[in-house]
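As they're listed, the protein sequences go chains S and E.
Each number in the working numbering comes from the position in the first sequence (counting from 1) with 8 added on.
Each number in the working numbering comes from the position in the second sequence (counting from 1) with 7 added on.
For glycine and all other residues, C-beta sits at the position ideal for the given N, C-alpha and C.
On a predicted model such as this, the values are computed, not experimentally measured, just so you know.
Read through the structure below, which is laid out as structure tokens, and then see the notes.
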Amino acid sequence: MTQALVQLKNVKKSFGPVDVLKGVDLEVFAGKVTALVGDNGAGKSTLIKGLAGVQPYDAGEVRFDGELQELHSPRQASALGIEVVYQDLALCENLDIVQNMFLGRETLKSGTLSEAEMEAAAARALQSLSVKTVRSVRQTVSSLSGGQRQTVAIARTVLRDAKLVILDEPTAALGVAQTEQVLNLVRRLADQGYGVLMISHNLYDVFKVADDIAVLYLGNMVAQLETSKTTSNEVIGYITGIATDLKEG
Amino acid sequence: MAEKVTLQTGHEGGVKGQVSAYFSRLKGGDMGALPAMAAVIVLLALFANLSPYFLTEINIANLFVQSAVLMVTAMALVFVLLLGEIDLSAGVTAATGMALFVKLTNTGWDWPVALALGFLVGLVTGWVLGMFVAKIGVPSFVISLAFYLGFPGVMLIILGSGGILRLEVAPIKAIMNVNLPVWGGWAVLAVTVLVALALSVWDRSRRLNVDLPVRPMIFLVAKIAAYLLVGGGIVFLLNLPRSLVATNPIQGVPIVVPIVLVLMFVGTFVLNRTSFGRYLYAVGGNPEAARRAGINVARIRIYAFMITSTLATMGGLMHISRVGAVEAAAGKIIVLSAVAAAVVGGVSLFGGRGKLFNAAIGAVVISIIDNGLGLMGFPAGVSFIVTGVVLALAATVDALARKRAPGMRI
Chain S
9 MTQALVQLKN
19 VKKSFGPVDV
29 LKGVDLEVFA
39 GKVTALVGDN
49 GAGKSTLIKG
59 LAGVQPYDAG
69 EVRFDGELQE
79 LHSPRQASAL
89 GIEVVYQDLA
99 LCENLDIVQN
109 MFLGRETLKS
119 GTLSEAEMEA
129 AAARALQSLS
139 VKTVRSVRQT
149 VSSLSGGQRQ
159 TVAIARTVLR
169 DAKLVILDEP
179 TAALGVAQTE
189 QVLNLVRRLA
199 DQGYGVLMIS
209 HNLYDVFKVA
219 DDIAVLYLGN
229 MVAQLETSKT
239 TSNEVIGYIT
249 GIATDLKEG
Chain E
8 MAEKVTLQTG
18 HEGGVKGQVS
28 AYFSRLKGGD
38 MGALPAMAAV
48 IVLLALFANL
58 SPYFLTEINI
68 ANLFVQSAVL
78 MVTAMALVFV
88 LLLGEIDLSA
98 GVTAATGMAL
108 FVKLTNTGWD
118 WPVALALGFL
128 VGLVTGWVLG
138 MFVAKIGVPS
148 FVISLAFYLG
158 FPGVMLIILG
168 SGGILRLEVA
178 PIKAIMNVNL
188 PVWGGWAVLA
198 VTVLVALALS
208 VWDRSRRLNV
218 DLPVRPMIFL
228 VAKIAAYLLV
238 GGGIVFLLNL
248 PRSLVATNPI
258 QGVPIVVPIV
268 LVLMFVGTFV
278 LNRTSFGRYL
288 YAVGGNPEAA
298 RRAGINVARI
308 RIYAFMITST
318 LATMGGLMHI
328 SRVGAVEAAA
338 GKIIVLSAVA
348 AAVVGGVSLF
358 GGRGKLFNAA
368 IGAVVISIID
378 NGLGLMGFPA
388 GVSFIVTGVV
398 LALAATVDAL
408 ARKRAPGMRI
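Dropping the structure here:
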């Protein structure tokens with residue numbers, strides 16, 4: 009068994025009297041897509057916010073590349089190579105693709121922006137993911153479709169030397185063709201050796217692209233399954249709690 | 008890293024491809040300063056036909072001097088407008104700084120020290136405004152309105168019961184009233200063209216260095232030719248003798264022209280080529296995205312307000328140089344005209360879009376209307392009405408262009 013890129017052990021988080029994560033274990037591997045599924049309120053967002061350093065866990069162990077880590081700020085997480093693409097994508101519509109991909113980390117030469125160098129690097133990052141859907145890397149984001157925007161947001165994490173890319177419902181607002189594009193991109197991301205953790209409500213997407221499926225139910229990790237060895241009925245059983253209840257009798 | 012870039016960058020294609028790409032951008036609603044530039048040409052033709060005095064050498068020189076204050080104030084406002092904020096007090100802040108300056112020099116202070124203190128008023132006011140907006144969260148409209156109402160009172164106290172003080176500093180008076188020698192005008196043109204050429208060639212070579220496509224050379228040549236043609240025409244006109252009194256010859260480019268050019272160049276350089284400029288656009292476009300990208304949004308906002316009031320103070324300095332005095336009512340109207348100029352030129356009030364050049368060209372439009380109607384003998388009232396109509400028109404054209412392009416929602 010290869011070593012997990014990220015390993016969570018007995019991670020806990022509560023807000024006042026509400027225990028949102030009640031001792032969760034999770035493993036994400038480099039080169040694999042791990043889908044994180046669960047009903048509303050299961051604790052998916054809380055789990056990834058902890059990994060992103062936005063809302064540190066109360067207790068538990070986080071190992072990254074085998075090393076024990078404390079994640080207390082987004083900066084720490086980013087330094088380790090953990091990047092999150094939130095649902096709102098956090099893109100500036102008035103800026104172009106290159107400007108967005110380098111936002112906050114511009115390449116400078118004697119105090120001025122190195123536009124040509126950034127443009128070339130952004131184009132290469134997009135090419136490395138075989139992105140062919142954007143017309144020009146100097147298009148403003150306002151002129152892009154939802155799928156293209158998602159593509160830009162994902163490519164930005166590659167540019168930032170991410171090792172683990174966390175995607176929060178990447179296909180939630182997309183049509184059929186664009187969903188297909190984004191799922192292909194997610195697959196390529198993993199095939200190039202990145203670890204991908206994808207939150208999704210859509211089991212079709214999950215079964216299409218994920219290698220592993222982790223199911224949260226009311227703050228507990230009730231199952232971590234290999235996609236090839238499970239069925240959507242089984243996963244639904246875990247999501248709704250029926251499977252767990254049956255097991256516990 | 009040697010892999011060749013195959014994605015498009017907007018620089019591909021020959022002359023034909025580039026031109027058609029430009030027109031498709033125009034159709035998409037990305038018109039920039041084009042409507043305002045068209046308006047300038049139409050207005051020039053219109054007034055040249057309607058008034059025999061409009062295209063005289065003396066009036067053209069006047070137009071440059073008249074529009075300078077509005078131009079600088081409009082450029083100043085761009086920095087806060089880019090954030091989607093507004094500074095209604097920019098004019099009165101400038102006037103208050105200048106009132107302090109004139110008062111101090113009239114009571115025996117060295118003028119450079121007094122001038123520095125005058126500018127300090129702008130800098131500090133901008134900082135205070137920025138703190139209120141960025142840290143406390145008071146809407147910029149309200150807090151700058153408070154300063155707009157309060158500062159004229161400060162000025163009255165500084166200026167005393169007369170409400171007006173004469174400017175006695177010769178070097179400051181010179182800004183708006185002295186012209187460069189004939190060779191000086193050509194030197195300004197030469198420097199402008201050389202700087203533009205150097206920047207273009209530098210950008211081009213950096214693109215070639217990293218194997219990016221570049222536009223056909225003909226566009227660079229055309230751009231420089233346009234600079235030479237327009238700039239050369241202007242310098243030639245301003246170098247013609249324009250005095251109405253034979254004993255008092257006047258000719259040459261007014262000193263204020265190179266000053267405005269330098270301000271515009273430095274400001275544009277900061278906006279286009281530094282990370283601070285990039286962050287201004289980012290915060291104006293999506294503050295939350297900027298924050299998540301690690302940008303200190305509050306600091307960017309505070310700096311923007313400081314730049315606006317300081318640059319507006321430069322406009323105030325030009326105003327007192329022209330008028331030769333500072334009066335208690337100064338700075339109230341100019342700021343509204345400056346907002347109008349910026350919007351007419353294509354700066355978005357919602358933030359994230361616009362350049363200093365947009366503001367400058369908008370100021371030219373408004374100045375020409377004012378000047379032309381005045382020459383035709385219309386009362387000032389008509390000029391106000393026409394300016395209002397033009398502003399409404401510009402805002403409408405902008406809104407319609409934006410509506411047609413479904414993707415554009417800035």
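As assigned by DSSP and simplified to three states, the class of residue i
i	result
MET383 (chain E)	coil
ARG249 (chain E)	coil
PRO25 (chain S)	coil
GLU234 (chain S)	strand
LYS362 (chain E)	coil
PRO413 (chain E)	In this predicted model, PRO413 (chain E) has a pLDDT of only 46, less than 50, meaning its place in the structure is not dependable; the value taken from the coordinates is given anyway. Coil at PRO413 (chain E), not helix or strand.
TYR286 (chain E)	helix
LYS52 (chain S)	helix
ASN418 (chain E)	This structure leaves residue 418 (chain E) out entirely; chain E is present only between 8 and 417.
ILE221 (chain S)	strand
GLY395 (chain E)	helix
LEU206 (chain E)	helix
GLU69 (chain S)	strand
LYS117 (chain S)	strand
ASN216 (chain E)	helix
PRO59 (chain E)	coil
SER168 (chain E)	coil
SER31 (chain E)	helix
Per-residue contacts from residue i into chain E (C-beta, under 7 Å)
i	result
GLY8 (chain S)	Past the edges of chain S, shown from 9 to 257, lies residue 8 (chain S), and the structure says nothing about it.
GLU125 (chain S)	VAL217
Start-to-end residues for the beta strand (DSSP E) that takes in residue i
i	result
VAL262 (chain S)	Nothing in the structure corresponds to residue 262 (chain S), since chain S is present only between 9 and 257.
ARG306 (chain E)	It is not in any beta strand (DSSP E) - ARG306 (chain E) instead sits in the alpha helix (DSSP H) that spans 304 to 330.
GLU78 (chain S)	From DSSP, GLU78 (chain S) is part of no beta strand (DSSP E); its letter is neither H nor E.
MET126 (chain S)	From DSSP, MET126 (chain S) is part of no beta strand (DSSP E) but of the alpha helix (DSSP H) over 123 to 136.
MET206 (chain S)	203 to 207
Chain-ordered chain E contacts of residue i [CB-CB under 8 Å]
i	result
LEU134 (chain S)	LEU14
LEU137 (chain S)	The contacting residues do not exist; LEU137 (chain S) stays about 11 Å from chain E at best.
ALA128 (chain S)	VAL12, VAL217, ASP218 and LEU219
Option nearest residue i by Cα separation, candidates the options
i	options	result
VAL230 (chain S)	S:ALA251, S:THR238 and S:ALA161	S:ALA251
LYS57 (chain S)	S:ARG113, S:VAL214 and S:LEU205	S:LEU205
LEU211 (chain S)	S:LEU59, S:ASP73 and S:LEU44	S:LEU44
LEU236 (chain E)	E:ASN255, E:ILE171, E:ARG214 and E:VAL200	E:VAL200
LYS110 (chain E)	E:ALA181, E:GLU64 and E:ALA121	E:ALA121
ILE171 (chain E)	E:ALA335, E:LEU107, E:GLY358 and E:LEU318	E:ALA335
GLY125 (chain E)	E:VAL135, E:LEU88 and E:THR112	E:THR112
ALA366 (chain E)	E:VAL346, E:THR315, E:ASN66 and E:ASP405	E:VAL346
VAL135 (chain E)	E:LEU278, E:ASN303, E:ILE309 and E:PHE30	E:ILE309
ASP218 (chain E)	S:ALA128, S:THR238 and S:LEU226	S:ALA128
VAL142 (chain S)	S:VAL190, S:LEU88, S:GLU123 and S:LYS117	S:VAL190
THR103 (chain E)	E:SER390, E:GLY338 and E:VAL350	E:GLY338
SER81 (chain S)	S:VAL92, S:GLU75 and S:VAL36	S:VAL92
ILE314 (chain E)	E:GLY395, E:LEU88 and E:PRO178	E:LEU88
ILE368 (chain E)	E:VAL333, E:PRO248, E:GLY352 and E:GLY191	E:GLY352
Under 9 Å by beta carbon: chain E residues contacting residue i
i	result
ASN102 (chain S)	TYR288, ALA289, GLY291, GLY292, ASN293, SER355, GLY358, GLY359, ARG360 and ILE417
GLN107 (chain S)	ARG285, TYR288 and ALA289
ALA98 (chain S)	ASN293, GLU295, ALA296, ALA297, ARG298, ARG299 and ALA300
LEU116 (chain S)	THR281 and SER282
Chain S contact residues for residue i, given Cβ-Cβ distances below 8 Å
i	result
PRO281 (chain E)	Reading off the sequence shown, one finds Thr at residue 281 (chain E), where the question assumed Pro. What THR281 (chain E) touches in chain S: GLY119, THR120 and LEU121.
Cut-off 6 Å between Cβ atoms - residues of its own chain near residue i, not counting five sequence neighbours on either side
i	result
PHE154 (chain E)	SER96
LEU436 (chain E)	Absent from the structure is residue 436 (chain E), since the part of chain E shown begins at 8 and ends at 417.
Close-in-space but distant-in-sequence residues of the same chain around residue i (CB under 7 Å, 5 per side omitted)
i	result
GLN147 (chain S)	ASP104 and ILE105
ASN102 (chain S)	THR148 and SER150
VAL221 (chain E)	HIS18, ARG211, ARG214 and LEU215
TYR246 (chain S)	VAL223, TYR225, VAL230, ALA231 and THR252
VAL277 (chain E)	PHE283 and GLY284
Chain S residues whose Cβ lies nearer than 7 Å to that of residue i
i	result
ARG214 (chain E)	ALA124
GLY17 (chain E)	SER144 and ARG146
Neighbourhood of residue i by C-beta, 8 Å cutoff - its chain only, sequence neighbours within 5 removed
i	result
GLY257 (chain S)	Below a pLDDT of 50, predicted positions are generally treated as unreliable, and GLY257 (chain S), at 47, falls in that range; the measurement from the model is reported next regardless. Excluding sequence neighbours, GLY257 (chain S) sits near nothing in its chain.
ALA300 (chain E)	ALA289
Limits of the unbroken alpha helix (DSSP H) element including residue i
i	result
ARG195 (chain S)	184 to 199
LEU226 (chain S)	Counting along the chain, LEU226 (chain S) falls outside any alpha helix (DSSP H), and DSSP gives it neither H nor E.
GLU91 (chain S)	Careful: GLU91 (chain S) lies outside any alpha helix (DSSP H), inside the beta strand (DSSP E) at 90 to 93.
VAL166 (chain S)	154 to 167
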